[in-house]
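First comes the structure, then the notes that go with it.
Residue numbers (the working numbering), protein chains in the order written: chain F, 95 to 486; chain L, 95 to 486.
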């Protein structure tokens, strides 16, 4: 099959706020080849990602992503890996390229799965899609009382685990943060898993992060996520040594396999969290999962958008029975709900698995896309390089 | 002073080819505040970088660069550092943001230098701008004979050092590469410094790179540059151990200080090469120079575009008398020549220094910009977010 078209769709809620909620907009990718269609989703700023697909070439190592994709042969997983290498090399100086490519890569796997009538996890070599324990992913409240109520809502919704992120943590004293950690534990009760995500708030300040460890231990946190910025490997490593009972988690910012491996090897995280919509798609995610297995740490997906992204992000560790935790969008914006016709429902035990269906097993609803579509046009030197494509 | 405007200008040669020559297009930045003007240059794909400046916000950690810059106070270097931190945090999920910000940061230093009537290197705390030994930066020929002639031309032009890059190296056998290395040495003669840049051609393949070390030793190469991709820290470290006489060089892909520090600390490079137009500008470049001094390795600029970028990239190590080598665009495209009114000329000894003049000491020629300006327009949801600004 030849890749005939790659179409990018920019969706947005009518109002986008500063809350750390990645489901407020979306960049969907539709790929067509050999009479088949595949869908993917970039976890990325839509406009710069579109620009990275259509921009004029700057030089041989700064080419638009489109040049490495359109017209290529796609008959099997090796073709996807080959195209990925070409994107990596020919767009090495185009920083945004991996975010753009991630959604395309997913769509190519989806397309290949439809062509072969096989789920993607089977194309990756797995023989089963194991159930995962989803955690409700939500933001800390403005006050400990709000955080407590958030925890109660996750518990009432039947989750076995909950993650609290961002909000006021790290912006005031360690004592205030401790109140939030305790409130989160009180809200979810004694039996649920509790994760804490601090959204890079301490930058490179190991001491500030270390101050919070006792309260996290007292709240029996399963992990402390993203204390530092994505590239702060030495700081991750230093804090990991000082926190023997609360492992670190991170990796969502990784946009290639090496970055994730460094967080494991140098940063000593106990949980590596991969966003398939950023790291270059499903193939690189699987390579990180293999590395996690080899190093005896746990792979977790990072997903804060739609169930299309959720299915894509679950493929890489679907076959790993012991890697049980799964991020599950708990309160996404309506946009992320409306364009997915068949979300990944939790079963009677509250568990979820990558679908046993061709491709990613997620049907896209054109009406849901149309509702949030943002008309976009880019003209360079008198030529229209991009115009929102038709959805049908 | 308040930052009143940030204008981005996309320049391009009429024809852009696949050669690895970054001077075929340019993204210039003009900043205005308090009646002063500053200029900078991103070493980046213009269209995605413009998009990263103007795009709608996706969420609180994925905001356009413009939101962190416009209207800010700029009275001293601390303000530049403060704005840099805000860009880093508020645009953490916008991958292209550091490339966009780099040119703006340069322009802010230029503006500050004009306001204070001081060169930027003095604002950085240096008391002198030491002469550097520029190397002619050029590409390997298609054949060893072409490479030899390239070397002869660099020698005839009076350079004391030459760097050969890309071309056929790594695409054929080690024996062919050895012929090129020997031809380069023969072309430049016995006394000039010889550097070799292999443009990431071996990806992560340490064995393939190690095969070339004996021929590099025989040609008395000063360094082997970019054997692997930017994030291949473990591979850099492994090759460095196997190449005691030819140190490694790298770092041009670093878009933050941590990445450069990792190449030094984990990758064990002997020369850290920083592109000020990518790493976030002059402030981060200076931090890397400080780290290089502390670790006893050598700082070198990476510059393959204009003399505006050259001056900006020389500021960070202008005051380091012992860090003598300087990349100097040898055969840039006419575009990069035409918009700079006063290039950094080599003196009678063939040496060059960051100008002892206010700001970056480089005057921009509006007529030279106009000649290559690419009219660009971006419309999202019926609103024009970007239209090529007027140049006057």
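Ideal Cβ positions, reconstructed from N, Cα and C, are used throughout, including at glycine. Keep in mind it's a predicted model, so treat the numbers as computed, not measured.
Going along the chain, which residues of its own chain have a beta-carbon closer than 7 Å to the beta-carbon of residue 288 (chain F), five neighbours each way excluded?
Within the first chain, numbered from 1, the residue matching residue 288 (chain F) stands at position 194. Closer than 7 Å at the Cβ level, and outside the excluded window around residue 288 (chain F), lie 256, 278, 279, 282, 313, 314, 315 and 316.
Which two residues bound the contiguous beta strand (DSSP E) that contains residue 329 (chain F)?
The count along the first chain starts at 1 and reaches residue 329 (chain F) at position 235. Where residue 329 (chain F) is concerned, there is no enclosing beta strand (DSSP E), although the alpha helix (DSSP H) it sits in stretches over 327 to 336.
Below 8 Å, how does it come out for the region 292 to 307 of chain F and the region 265 to 275 of chain F: are there three or more Cβ pairs, yes or no?
The region 292 to 307 of chain F vs the region 265 to 275 of chain F: in contact.
Would you call the region 150 to 158 of chain L and the region 104 to 116 of chain F in contact, with 3 or more CB pairs under 8 Å?
Contact holds: three or more Cβ-Cβ distances are below 8 Å.
What does the alpha-carbon distance come out to for the pair residue 471 (chain L) and residue 103 (chain L)?
Taking the first residue of the second chain as position 1, residue 471 (chain L) is located at position 377. Taking the first residue of the second chain as position 1, residue 103 (chain L) is located at position 9. For residue 471 (chain L) and residue 103 (chain L), the distance between alpha carbons rounds to 12 Å.
So what does DSSP say about residue 465 (chain L), is it helix, strand or coil?
Here residue 465 (chain L) refers to the residue found at position 371 of the second chain. Helix.
To test your reading of the DSSP string, which unbroken alpha helix (DSSP H) runs of 4 or more residues are found completely within the region 98 to 182 of chain L?
Within the region 98 to 182 of chain L, the complete alpha helix (DSSP H) runs of at least 4 residues are 140 to 148 and 160 to 163.
So, is the C-beta of residue 140 (chain L) closer than 9 Å to a C-beta in chain F?
The residue you call residue 140 (chain L) lines up with position 46 of the second chain. Residue 140 (chain L) counts as touching chain F.
CB-CB under 7 Å to residue 401 (chain F), same chain, minus the five flanking residues each way: which ones, in chain order?
As a position in the first chain, residue 401 (chain F) is number 307, starting the count at 1. So the list reads 434, 437, 438 and 456, once near-sequence residues are dropped.
Looking at residue 322 (chain F): is its Cβ nearer than 9 Å to the Cβ of residue 192 (chain F)?
By one-based count along the first chain, residue 322 (chain F) stands at place 228. By one-based count along the first chain, residue 192 (chain F) stands at place 98. Result no, Cβ atoms of residue 322 (chain F) and residue 192 (chain F) do not sit closer than 9 Å.
Residue 164 (chain F) to residue 263 (chain L), Cα distance in whole Å?
As a working mapping, residue 164 (chain F) is identified with position 70 in the first chain. As a working mapping, residue 263 (chain L) is identified with position 169 in the second chain. Distance between the alpha carbons of residue 164 (chain F) and residue 263 (chain L): 28 Å.
In the DSSP output, which residue or residues are listed as bridge partners for residue 77 (chain L)?
For chain L, the structure presents residues 95 to 486; residue 77 (chain L) sits outside this window and is missing.
Name, going along the chain, the residues of the region 315 to 348 of chain L whose beta-carbon falls closer than 8 Å to a beta-carbon of chain F.
For the region 315 to 348 of chain L, which is checked against every Cβ of chain F, the residues closer than 8 Å are 323, 324, 325, 326, 327, 328 and 347.
Is the Cβ of residue 497 (chain F) closer than 9 Å to any Cβ of chain L?
As displayed, chain F neither begins before 95 nor continues past 486, which places residue 497 (chain F) out of reach and without an answer.
Can you check whether the CB of residue 138 (chain F) is closer than 9 Å to the CB of residue 121 (chain F)?
Locating residue 121 (chain F) in the first chain gives position 27, where the first residue counts as 1. Locating residue 138 (chain F) in the first chain gives position 44, where the first residue counts as 1. A contact, by the Cβ cut-off of 9 Å.
Are the beta-carbon atoms belonging to residue 375 (chain L) and residue 403 (chain L) less than 9 Å from one another?
To locate residue 375 (chain L), count along the second chain from 1; it is residue 281. To locate residue 403 (chain L), count along the second chain from 1; it is residue 309. Going by C-beta atoms, residue 375 (chain L) is not nearer than 9 Å to residue 403 (chain L).
Are the C-beta of residue 395 (chain L) and some C-beta of chain F separated by less than 9 Å?
Residue 395 (chain L) sits at position 301 when you count from the first residue of the second chain. No, no contact with chain F.
Using a cut-off of 8 Å between C-beta atoms, extract the partners of residue 476 (chain L) located in chain F.
As a position in the second chain, residue 476 (chain L) is number 382, starting the count at 1. Correct list: 469.
Below 7 Å CB to CB, which residues in the same chain sit around residue 110 (chain F) once its five sequence neighbours on both sides are set aside?
Position 16 of the first chain, counted from the first residue, corresponds to residue 110 (chain F). Closer than 7 Å at the Cβ level, and outside the excluded window around residue 110 (chain F), lie 118 and 119.
With a Cβ-Cβ cutoff of 9 Å, do residue 220 (chain L) and residue 412 (chain L) count as a contact?
As a first step, residue 220 (chain L) must be located in the second chain, where it is residue number 126. As a first step, residue 412 (chain L) must be located in the second chain, where it is residue number 318. Closer than 9 Å, so yes.
State yes or no: is the beta carbon of residue 197 (chain L) nearer than 9 Å to at least one beta carbon in chain F?
By one-based count along the second chain, residue 197 (chain L) stands at place 103. So, not an interface residue.
To which residues of the same chain is residue 296 (chain L) closer than 7 Å at the C-beta, ignoring the five residues directly before and after it?
Reading the second chain from its first residue, position 202 is the one you call residue 296 (chain L). Here the set comprises 264, 302, 303, 321 and 322.
If we count the other Cβ atoms within 10 Å of its Cβ and call it buried at 16 or more, is residue 369 (chain F) buried or exposed?
On the first chain, residue 369 (chain F) is found 275 positions in, with the first residue counted as 1. It is buried - the Cβ of residue 369 (chain F) has at least 16 other Cβ atoms within 10 Å.
Straight-line CA distance for residue 429 (chain L) to residue 107 (chain L)?
Working through the second chain from its first residue, we reach residue 429 (chain L) at position 335. Working through the second chain from its first residue, we reach residue 107 (chain L) at position 13. Cα-Cα distance, rounded: 6 Å.
Once the 5 residues before and after residue 417 (chain F) are set aside, which same chain residues still bring their CB inside 6 Å of it?
For the purposes of this step, residue 417 (chain F) is identified with residue 323 of the first chain, where counting begins at 1. Contacts found: 392, 393 and 411.
How would you list, in chain order, the residues of chain L whose beta-carbon sits under 9 Å from the beta-carbon of residue 116 (chain F)?
The residue you call residue 116 (chain F) lines up with position 22 of the first chain. Ordered by position in chain L, the residues that pass the 9 Å Cβ test against residue 116 (chain F) are 152, 153, 155, 156 and 187.
Please compile the residues from chain F whose C-beta is within a distance smaller than 8 Å of the C-beta of residue 293 (chain L).
Mapped onto the second chain, residue 293 (chain L) falls at position 199. Ordered by position in chain F, the residues that pass the 8 Å Cβ test against residue 293 (chain L) are 155.
In angstroms, rounded to a whole number, what distance separates the CA positions of residue 198 (chain L) and residue 327 (chain L)?
Position 104 of the second chain, counted from the first residue, corresponds to residue 198 (chain L). Position 233 of the second chain, counted from the first residue, corresponds to residue 327 (chain L). Going by the C-alpha atoms only, they are around 29 Å apart.
Below 8 Å, is the gap between the Cβ of residue 392 (chain L) and the nearest heavy atom of the ligand GDP?
Of the ligands one can find in the structure shown there are none, so the ligand GDP has no counterpart to examine.
List, from N- to C-terminal side, the alpha helix (DSSP H) runs of 4 residues or more that fit wholly inside the region 176 to 220 of chain F.
Correct list: 191 to 210 and 214 to 217.
Is the CB of residue 162 (chain L) under 9 Å away from at least one CB in chain F?
By 1-based counting over the second chain, the position of residue 162 (chain L) is 68. Not closer than 9 Å to any Cβ of chain F, the Cβ of residue 162 (chain L) fails to qualify, so no.
Per DSSP, which one or two residues make a beta bridge with residue 357 (chain L)?
By 1-based counting over the second chain, the position of residue 357 (chain L) is 263. Per DSSP, none; premise fails for residue 357 (chain L).
Contact check, residue 377 (chain L) vs residue 343 (chain L) under 8 Å by CB: the rounded distance?
The residue given as residue 377 (chain L) occupies position 283 in the second chain. The residue given as residue 343 (chain L) occupies position 249 in the second chain. The pair is not a contact, with the Cβ atoms about 23 Å apart (cut-off 8 Å).
At which residues does the beta strand (DSSP E) containing residue 392 (chain L) begin and terminate?
Residue numbering aside, residue 392 (chain L) sits at position 298 when the second chain is read from its first letter. Residue 392 (chain L) -> beta strand (DSSP E) spans 392 to 395.
Mind pulling the chain L residues with CB within less than 8 Å of residue 110 (chain F)?
Stepping through the first chain from its first residue, residue 110 (chain F) is reached at position 16. Correct list: 150, 151, 152 and 153.
Among the residues of its own chain, which have a CB less than 7 Å from the CB of residue 293 (chain F), if the five just before and after it don't count?
On the first chain, residue 293 (chain F) is found 199 positions in, with the first residue counted as 1. Once the five neighbours on either side are set aside, the close Cβ partners of residue 293 (chain F) are 114, 259, 260 and 320.
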